[in-house]
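Asks: Residue numbers (UniProt numbering): 1 to 325. Every residue, glycine too, gets a C-beta built ideally from N, C-alpha and C.
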Amino acid sequence: MTLEKKTLTILNETIAPGESKEVNFDVANLHTSTPVNVPIIIERSKRVGPTVLFTAGIHGDEVNGIEIVRQIIAKGINKPKIGTIICIPVINIFGFLNLTREFPDGRDLNRMFPGSPKGSLASRVAHKLVTEIIPHVDYVMDFHTGGSGRFNAPQIRIIEGEIELKQLAKIFGAPFVLYSKNLNKSFRNTCFKLNKPLLLFEGGKSVHIDDVVTNSGVNGAKRVLKHLGMLNVAFKASIPKKDCVFIKDSKWVRAKFSGMFKASAKINSKVAKGDLLGNITDPYGKLNFFVKAPNSGYIINVNESPIVYQGDALFHISTKLNDKN
1 MTLEKKTLTI
11 LNETIAPGES
21 KEVNFDVANL
31 HTSTPVNVPI
41 IIERSKRVGP
51 TVLFTAGIHG
61 DEVNGIEIVR
71 QIIAKGINKP
81 KIGTIICIPV
91 INIFGFLNLT
101 REFPDGRDLN
111 RMFPGSPKGS
121 LASRVAHKLV
131 TEIIPHVDYV
141 MDFHTGGSGR
151 FNAPQIRIIE
161 GEIELKQLAK
171 IFGAPFVLYS
181 KNLNKSFRNT
191 CFKLNKPLLL
201 FEGGKSVHID
211 DVVTNSGVNG
221 AKRVLKHLGM
231 LNVAFKASIP
241 KKDCVFIKDS
251 KWVRAKFSGM
261 FKASAKINSK
271 VAKGDLLGNI
281 TDPYGKLNFF
291 VKAPNSGYII
301 NVNESPIVYQ
311 GDALFHISTK
321 LNDKN
């Protein structure tokens with residue numbers, strides 16, 4: 001970890017120790033020529049310490065992640081005891097304006113990293129984030145939600161074998177830690193290649209705000225900041241009620257029929273093989289198919305859509321735990 005210099009220069013703005021500043025991350029105007037300002041909120045302590053970046057809204061419809069970073073700012077948690085905290089609540093401001101996942105060019109920002117200064121709009125935003133912001137930070141916490149009506153249990157996703165990430169994930173204290181590979185051209189993979197430890201938080205579903213998910217994200221952020229010696233003395237970091245469950249492997253239970261769907265298994269719950277998870281019916285009273293657990297495990301995602309098609313993902317269930325934690 002490289003501790004910050006006396007002055008910090010981001011996007012041609014200089015922020016001195018002890019200073020607060022809002023910097024504009026501008027990339028392109030709307031098609032009406034209206035400027036689009038993406039605020040970056042920077043808070044610096046007078047005391048030297050790490051630099052932590054909080055990001056959300058890589059996908060514009062993932063409002064719950066944005067709400068977590070908003071609360072971190074609104075409550076003053078982003079005012080560090082030592083070091084610097086940088087918050088970008090909405091990276092994909094274009095998608096957020098329309099509550100859509102993608103950029104106006106139809107691209108998924110989280111598949112465009114590290115980007116290009118001469119590429120598509122999404123690629124240019126990715127490039128600017130990687131070249132202008134990431135070089136200044138030591139740790140990243142990136143907040144996401146489930147998509148397409150699928151509700152994620154609060155969870156941290158990391159790759160297996162990274163000791164520091166595993167330690168930070170345990171400290172964060174979400175109910176689940178899911179081992180998952182870094183996807184090519186994702187923000188997480190790019191940070192990994194640049195040796196910037198990133199915790200990816202998933203919780204809730206798109207276009208929705210859930211208090212339990214929000215509290216899990218905010219409390220986890222406070223715990224990590226306390227671990228780094230950065231949490232302001234005005235705040236306390238709570239102890240998680242339960243130990244994290246580390247999930248080594250998992251699978252999706254998919255719909256065998258199209259129809260009307262109602263889940264009976266609850267998010268976060270532990271089920272046994274053969275337990276009833278939900279049922280699929282048709283509008284005419286002829287079909288009533290019972291969805292049962294193919295194995296014992298924890299339910300970490302539930303599809304909350306009332307209508308499903310054959311092959312749709314209904315439940316994400318753990319298949320193998322990592323008990324050596």
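Could you spell out where the alpha helix (DSSP H) holding Ala221 opens and where it closes?
Replies: Mapped onto the sequence shown, residue 221 falls at position 221. It spans 211–227 - the alpha helix (DSSP H) in which Ala221 sits, taken as one unbroken run.
Asks: Leaving out five residues before and five after Pro104 in sequence, what residues of the same chain have Cβ atoms less than 6 angstroms from its Cβ?
Replies: Here the question's residue 104 lines up with position 104 in the sequence shown. Answer for Pro104: Phe94, listed in chain order.
Asks: Measure from the alpha carbon of Arg223 to the alpha carbon of each residue in Trp252, Tyr298, Gly173, Leu178, then state which is nearest.
Replies: The residue you call residue 223 lines up with position 223 of the sequence shown. When only C-alpha atoms are compared, the closest one is Gly173.
Asks: Figure out for me which residue from Ser123, Gly106, Glu19, Met260 has the closest Cα to the Cα of Gly285.
Replies: Your numbering for residue 285 matches position 285 in the sequence shown. It is Met260.
Asks: Beta strand (DSSP E) containing Gln155: first to last residue?
Replies: The count along the sequence shown starts at 1 and reaches residue 155 at position 155. It spans 150–158 - the beta strand (DSSP E) in which Gln155 sits, taken as one unbroken run.
Asks: Just to confirm, are Leu277 and Ala255 a CB contact at a threshold of 9 angstroms?
Replies: Translated into the one-based positions of the sequence shown, residue 277 becomes position 277. Translated into the one-based positions of the sequence shown, residue 255 becomes position 255. Contact: no.
Asks: Restricting to runs no shorter than 3 residues, where is the beta strand (DSSP E) found entirely within the stretch 119–187?
Replies: Counting whole runs of 3 or more residues, the stretch 119–187 contains the beta strand (DSSP E) stretches 139–146, 150–158, 176–179.
Asks: What does DSSP give as the partner residues of Thr39 in its beta bridges?
Replies: Position 39 of the sequence shown, counting from 1, holds the residue named residue 39. Looking at the sequence itself, residue 39 is Pro, so the reference to Thr does not match. Its beta-bridge partners are Asn24.
Asks: Please say whether Leu200 and Asp282 have beta carbons closer to each other than 9 angstroms?
Replies: Counted from its first residue, the sequence shown places residue 282 at position 282. Counted from its first residue, the sequence shown places residue 200 at position 200. No, the Cβ-Cβ distance between Asp282 and Leu200 is not below 9 angstroms.
Asks: Between which two residues does the alpha helix (DSSP H) carrying Gly95 extend?
Replies: Counting from 1 along the sequence shown, the entry for residue 95 is found at position 95. It spans 93–98 - the alpha helix (DSSP H) in which Gly95 sits, taken as one unbroken run.
Asks: By Cβ distance, which residues of its chain are closer than 8 angstroms to Glu164, with the 5 residues on each side in sequence left out?
Replies: Here residue 164 corresponds to residue number 164 of the sequence shown, with the count starting at 1. The residues are Pro197.
Asks: Based on the DSSP secondary-structure assignment, which residues constitute the bridge partners of Phe201?
Replies: Position 201 of the sequence shown, counted from the start, is the residue given in the question as residue 201. Answer is Phe143, Ile156, bridged to Phe201.
Asks: In the structure shown, what three-state DSSP assignment does Glu4 receive?
Replies: On the sequence shown, position 4 is the one that residue 4 refers to. A caution first: Glu4 carries a pLDDT of 49, below 50, which makes its placement in the model too unreliable to give a value.
Asks: Taking Gly57 as the reference, which of Ile88, Ile134, Pro39 has the closest Cα?
Replies: As a position in the sequence shown, residue 57 is number 57, starting the count at 1. If we check each option's Cα against that of Gly57, Ile88 comes out closest.
Asks: Provide the residue(s) that pair with Glu13 in DSSP beta bridges, ordered along the chain.
Replies: Counting from one through the sequence shown, the residue named residue 13 turns up at place 13. Looking at the DSSP assignment, Glu13 forms a beta bridge with Ile10.
Asks: Can you tell me whether Thr190 is helix, strand or coil according to DSSP?
Replies: Here residue 190 corresponds to residue number 190 of the sequence shown, with the count starting at 1. In the structure shown, Thr190 sits in a helix (DSSP, three-state: H, G or I).
Asks: What did DSSP end up calling residue 329 once you bin it into helix, strand or coil?
Replies: Beyond the ends of the chain as shown, which are 1 and 325, falls residue 329; an answer cannot be given.
Asks: So, at 7 angstroms on beta carbons, what are the nonlocal neighbours of Pro306 in its own chain, with the 5 sequence-adjacent residues on each side left out?
Replies: Counted from its first residue, the sequence shown places residue 306 at position 306. Met260, Phe261, listed in sequence order.
Asks: Which residue marks the beginning of the alpha helix (DSSP H) containing Arg70, and which one marks its end?
Replies: For the purposes of this step, residue 70 is identified with residue 70 of the sequence shown, where counting begins at 1. Per DSSP, Arg70 belongs to the alpha helix (DSSP H) from 63–74.
Asks: Report the option in Gln155, Gly161, Leu231 whose CA atom is closest to the CA atom of Arg47.
Replies: As a working note, residue 47 is residue 47 in the sequence shown. Of the listed residues, the one whose Cα sits closest to Arg47 is Leu231.
Asks: Grouping DSSP H, G and I as helix and E and B as strand, with all else coil, what is Leu321?
Replies: Walking along the sequence shown from the start, residue 321 turns up at place 321. Three-state DSSP puts Leu321 in a strand.
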